[in-house]
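Asker: What follows is a single structure, and I will ask about it in a moment.
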Amino acid sequence: MSEKTKIWLSSPHMGGKEQEFVNEAFETNWIAPLGPHVNGFESDLEKYNGVAHAAALSSGTAALHIALDLLNVGPGDLVIVQSFTFCGSANPIKYRGADPVFIDSEKDTWNMCPDSLQTALKDLDQQGLLPKVKAIIPVHLYGMPAKMDEILAHAKSYGIAVLEDAAESLGSTYKGKYTGSLGDFGVYSFNGNKIITTSGGGALVSSNKEWIDKARFLATQARDEAPHYQHSTIGYNYRLSNVLAGIGRGQMLVLDKHIALRRKNFERYQELFSRINKKGYAIKLQPGLADSFSNRWLSSIVMNPDENKGKDREGLRIFLLEENIEARPLWKPMHLQPVFEEAKYYGGKVAEKLFDTGLCLPSGSNLSESDWARIETKIESFFS
Ligand SMILES: *Cc1c(COP(=O)(O)O)cnc(C)c1O
């Protein structure tokens with residue numbers, strides 16, 4: 005292994021004010037899963053995303069779990085979800101005792117294919133299973149907004165709720181609206197590698213006040229109004245710590261700056277690969293829709309060996325590793341995961357092909373010029 009310092013795919017990037025907010029939590033002794041920073045962070049998220057209500061939670065996965073609870077997803081129910089995603093999108097369906105139904109991606113955004121979604125809805129309807137379908141979860145992968153108009157239209161025509169997994173797309177917009185604010189619910193994640201981080205954390209947002217009030221209630225063990233501990237519902241311990249919410253408030257101050265830097269990374273890769281493609285290669289970066297704005301959380305490429313003189317993504321990944329540069333294959337679709345082998349799947353091989361040929365490249369908002377020099381030199385030498 006190289007002695008050189010590691011260049012991460014995406015590492016935490018503090019803006020400077022986070023520590024002050026954390027100190028304030030200590031000074032006021034709000035070291036608890038509630039407090040002024042939790043309220044302040046929620047209000048920051050509401051204002052930024054143009055969504056009326058936000059509940060700050062311990063993770064994005066927890067936010068999805070609570071949303072499915074609010075939608076009354078239970079044993080025997082079905083939840084339709086994009087297959088090409090991280091397991092955090094799908095696991096909460098199983099926590100509720102329900103089963104996922106996976107949908108393939110389309111080529112324009114790499115997200116849920118509206119046509120495959122429609123096929124699934126028609127087929128489930130014909131099988132008499134429609135009453136069991138409680139939610140549809142599209143994902144805005146690597147920051148790129150999905151085809152929301154089409155997905156929302158199909159959901160509406162079948163009367164099914166839409167839960168947007170915007171864990172990777174905080175700050176991305178679709179036709180001028182922030183991802184997470186388009187469906188019935190939106191979920192954000194503040195895990196260590198996301199565009200902003202609280203080390204671990206998440207949020208559930210909605211325009212429906214009752215739902216978000218109930219999400220806060222469920223996230224704090226569902227305590228009924230009483231001087232003693234009284235419970236008539238099963239709750240969770242899923243609230244965000246006030247200390248971590250302090251980090252979140254600091255990170256919100258630099259979110260737009262981080263987005264600009266990540267988009268700049270993407271442009272830099274565009275220039276690099278257009279130089280490389282002139283030498284007879286055909287590397288493609290993640291595409292997107294004309295009226296979408298992606299935060300470009302991770303810059304990702306696909307390289308089909310047939311079009312690239314036999315060079316493949318594993319070759320490039322391992323070559324970069326020699327220089328201690330981290331790159332990762334695109335998400336392995338959920339319908340190919342052993343744990344979900346029994347789940348229904350609708351679609352073709354779009355997601356599968358993306359997984360076989362795709363690679364995420366270092367995309368941190370804190371990459372230095374010397375990091376970039378190493379990345380560019382190494383990638384160029386792989387293709388020379
Ligand atoms: C990160 C992520 C999640 C889960 O968020 P956590 O905060 O890590 O629990 C869910 N879905 C997607 C697409 C993610 O990238």
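Position 135 of the sequence shown, counted from 1, bears residue number 139 in this note's numbering, the numbering being contiguous throughout.
Even glycine gets a Cβ: it sits at the ideal position worked out from N, Cα and C.
#1: How big is the Cα-Cα spacing for residue 95 and residue 143?
#2: Any residue with its C-beta under 6 Å from a non-hydrogen atom of ligand 1 counts. Can you list them all in chain order?
#3: State the Cα-Cα distance for the pair residue 35 and residue 347, rounded to the nearest angstrom.
#4: Taking buried to mean at least 16 other C-beta atoms within 10 Å of its own C-beta, is residue 278 buried or exposed?
#5: In the DSSP output, which residue or residues are listed as bridge partners for residue 241?
#6: Tell me which residue opens and which closes the beta strand (DSSP E) that residue 189 is part of.
#7: Does DSSP classify residue 262 as helix, strand or coil?
#8: Would residue 381 be called buried (16 or more neighbouring beta carbons within 10 Å of its own) or exposed?
#9: Taking all protein chains shown into account, do 16 or more other C-beta atoms lie within 10 angstroms of the C-beta of residue 20, making it buried, or fewer, making it exposed?
#10: Using only CA atoms, which one of 37, 107, 41, 59 lies nearest to residue 208?
#11: Please list, in chain order, all residues of the same chain as residue 216 whose beta carbon is under 6 Å from its beta carbon, the five residues on each side excluded.
#12: Roughly how many angstroms lie between the CA atoms of residue 213 and residue 323, to the nearest whole one?
#13: Considering only DSSP beta bridges, list what residue 59 is partnered with.
#14: Check for me: the alpha helix (DSSP H) holding residue 124 runs from which residue to which?
#15: To the nearest angstrom, how far is the alpha carbon of residue 29 from that of residue 100?
#16: Going along the chain, which residues of its own chain have a beta-carbon closer than 7 Å to the beta-carbon of residue 75, five neighbours each way excluded?
#17: Within the stretch 45-113, note down every full alpha helix (DSSP H) run reaching 4 residues or more, in order along the chain.
#18: So, under 8 Å CB-CB, residue 255 and residue 114 are touching, yes? Tell me the CB distance rounded to an integer number of Å.
#19: Report the CB separation of residue 175 from residue 299 in whole angstroms; it is logged as a contact under 8 Å.
#20: Buried or exposed for residue 178, going by 16 or more other Cβ atoms inside 10 Å?
#21: Taking the alpha-carbon of residue 149 as reference, which of 171, 229, 135 has the nearest alpha-carbon?
#22: What is the residue span of the beta strand (DSSP E) that residue 141 lies within?
#23: Determine the DSSP secondary structure at residue 387, reduced to helix, strand or coil.
#24: In the DSSP assignment, find the unbroken alpha helix (DSSP H) run with residue 285 in it and report its ends.
Answerer: On the basis of the data shown:
#1: As a working note, residue 95 is residue 91 in the sequence shown. As a working note, residue 143 is residue 139 in the sequence shown. Computed Cα separation, rounded: 14 Å.
#2: Listed by position in the chain, the residues whose beta carbon lies within less than 6 Å of some heavy atom of ligand 1 are 63, 64, 65, 89, 90, 92, 93, 143, 169, 171, 172, 193, 195, 206.
#3: In the sequence shown, counting from the first residue as 1, residue 35 sits at position 31. In the sequence shown, counting from the first residue as 1, residue 347 sits at position 343. Rounded to whole angstroms, residue 35 to residue 347 spans 42 Å at the Cα level.
#4: In the sequence shown, counting from the first residue as 1, residue 278 sits at position 274. The residue is exposed, with fewer than 16 neighbouring Cβ atoms inside 10 Å.
#5: Taking the first residue of the sequence shown as position 1, residue 241 is located at position 237. Answer is 224.
#6: Here residue 189 is taken as the residue at index 185 of the sequence shown, counted from 1. Taken as a continuous stretch (DSSP letters only), the beta strand (DSSP E) holding residue 189 covers 189-193.
#7: Within the sequence shown, residue 262 is the residue found at index 258, counting from 1. Secondary structure at residue 262: helix, using DSSP grouped into helix, strand and coil.
#8: Your numbering for residue 381 matches position 377 in the sequence shown. Exposed, because fewer than 16 other Cβ atoms sit within 10 Å of the Cβ of residue 381.
#9: Your numbering for residue 20 matches position 16 in the sequence shown. Exposed: under 16 other Cβ atoms inside 10 Å.
#10: For the purposes of this step, residue 208 is taken as residue 204 along the sequence shown, with counting starting at 1. Comparing Cα positions, the closest option is 59.
#11: In the sequence shown, counting from the first residue as 1, residue 216 sits at position 212. If the five residues before and after residue 216 are omitted, its C-beta is found closer than 6 Å to the C-beta atoms of 57, 59, 210, all from its own chain and listed in chain order.
#12: On the sequence shown, residue 213 is found 209 positions in, with the first residue counted as 1. On the sequence shown, residue 323 is found 319 positions in, with the first residue counted as 1. A straight line joining the alpha-carbon of residue 213 with that of residue 323 spans about 51 Å.
#13: Numbered from 1 along the sequence shown, position 55 holds the residue referred to as residue 59. Residue 59 is bridged to 208.
#14: Translated into positions along the sequence shown, residue 124 becomes position 120. First-last of the alpha helix (DSSP H) with residue 124: 118-130.
#15: Residue numbering aside, residue 29 sits at position 25 when the sequence shown is read from its first letter. Residue numbering aside, residue 100 sits at position 96 when the sequence shown is read from its first letter. Taking the Cα positions, residue 29 is about 34 Å away from residue 100.
#16: As a working note, residue 75 is residue 71 in the sequence shown. Correct list, in chain order: 138, 139, 165.
#17: Scanning the stretch 45-113 from its first residue to its last, the whole alpha helix (DSSP H) runs of 4-plus residues come out as 64-74, 95-99.
#18: Along the sequence shown, read from residue 1 onward, the residue named residue 255 stands at position 251. Along the sequence shown, read from residue 1 onward, the residue named residue 114 stands at position 110. Contact flag wrong, Cβ pair sits at about 26 Å.
#19: On the sequence shown, residue 175 is found 171 positions in, with the first residue counted as 1. On the sequence shown, residue 299 is found 295 positions in, with the first residue counted as 1. A Cβ-Cβ distance of about 4 Å is found for the pair residue 175 and residue 299, placing them in contact under the 8 Å criterion.
#20: Within the sequence shown, residue 178 is the residue found at index 174, counting from 1. Residue 178 should be labelled buried.
#21: Here residue 149 is taken as the residue at index 145 of the sequence shown, counted from 1. Closest by alpha carbon: 171.
#22: By one-based count along the sequence shown, residue 141 stands at place 137. Element bounds for residue 141: 137-141.
#23: Here residue 387 refers to the residue found at position 383 when the sequence shown is read from its first residue. In the three-state DSSP reduction, residue 387 falls in the coil class, being neither helix nor strand.
#24: Position 281 of the sequence shown holds residue 285. Counting along the chain, residue 285 falls outside any alpha helix (DSSP H), and DSSP gives it neither H nor E.
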